[in-house]
Amino acid sequence: MTAPEVGVEDFTHVFEPATASGAPALLLLHGTGADEHDLLPLGRALAPGAALLSPRGKVTENGMNRWFRRLREGVFDVDDLIARTAELAAFVRAAILAYDLDPERIVVSGFSNGANTGAGLLLLHPGLVAGAALFAGGAPLQGREPDPVDLSGVQVFLGNGVADPITTIDQARLVAAQLGQRGADVEAREHPGGHQLTPDVLTQAREWFERAKF
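So the sequence shown is numbered by this note's numbering: it starts at 21 and just counts up by one.
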C-alpha cells in the first residue's frame, strides 16, 4: 500500500512539548465519542514530563469521533481500519519532523477504539513506535491473521477487564498473543471490572513505563 501524503495539519490535534529533558513522546488515541483533549490527563499521569501528541479520529458515528468505521456494534470494518491506520502512521511521521521528536522514543497509548488503533499501528506499521500502553482494547484485525512482522524490542502494556462486554477478554488475550508471537515484550494485566481503566491498572501501567525506560 502506498503511504498517504499527510501533514500535521490534516488531523485536528494537540501537541504539548516535553517538560523533562530527554523525555519520550506519547501518542494518545482517544476512545469512541471523545476527542483530542480526553487522554491528556492520562498521558501526564502515565509519563510525567513526556511530550504529548493527541490527534482526533477522523471518522464520525452518530456524531461521535472514532478512528475507523464499524459495520455494527463489535464488528470492525477491517479494510477501513487498515486505511485509517496508514493515514495515522503518516501523520505520526509528519509530526516527528514538525515537532522534532525522537522517532525511536514514541510510545502509543489508547483507550477502547484508540487501543484497537494503537494495536493496529504495532501490527501494521512495525518500527513506528517503541512501545504501547493500551487499555480496554483487543485484536484489531478481527478474523485476519496479522503478517509475521518483527516486533522484537517493542514493549507493550495491556490493561483489560475480565467482565468487559464491549472488548471481551478473549479478544484482549488474542491481541496479547499476536503481539507476543511477533517478538514484543508484553505485560498484560487484567482487572475484575468492565470497559474501564481502573486506578490499580493505571498505577501498574505507570510502574511499567518507568521500568521500560523509553
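Cβ coordinates follow ideal geometry from the N, Cα and C atoms, glycine included. All values derive from a computational prediction rather than experimental measurement.
Compute the distance between the beta-carbons of V174 and F111, then report whether it is under 8 Å. no
T105 versus L121, G77 and A115, residue with shortest Cα-Cα distance: G77
Since F72 contacts L91 with CB under 8 Å, what's their CB separation in whole angstroms? According to the sequence provided, residue 72 is Leu. The question's Phe does not apply to it. No, L72 and L91 are not in contact; Cβ-Cβ is about 32 Å, not under 8 Å.
Supposed contact pair D122 and A156 - C-beta distance, whole angstroms, cut 8 Å: Not really, about 28 Å apart at Cβ, beyond 8 Å.
If you measure between the beta carbons of R86 and T52, is that distance less than 8 Å? yes
For L144, which option in Q198, R226 and V221 has the closest C-alpha, if you only look at C-alpha atoms? Q198
Are G138 and L46 close, meaning C-beta to C-beta below 8 Å? no
So, helix, strand or coil for Q162, using DSSP? coil
Identify every run of the beta strand (DSSP E) within the segment 171 to 203, keeping only runs that are complete inside it and at least 3 residues long; order them along the chain. 175 to 181
Beta-carbon proximity list for P212, same chain, < 8 Å, skipping 5 on both sides: G181, V182 and A183
Can you tell which of A67, V34 and A103 has its C-alpha closest to the C-alpha of D58? V34
Starting from the C-beta of R209, find all residues in its chain whose C-beta is less than 6 Å away, skip the five residues before and the five after it, and write them out in chain order. G179, V221 and Q224
Let's see if you can read the secondary structure: which residues bound the beta strand (DSSP E) around P75? A71 to P75
Determine the contact status of S129 and L154, defining contact as a CB-CB distance below 8 Å. yes
Work out the CA separation of R164 and Q191 for me, nearest whole Å. 13 Å
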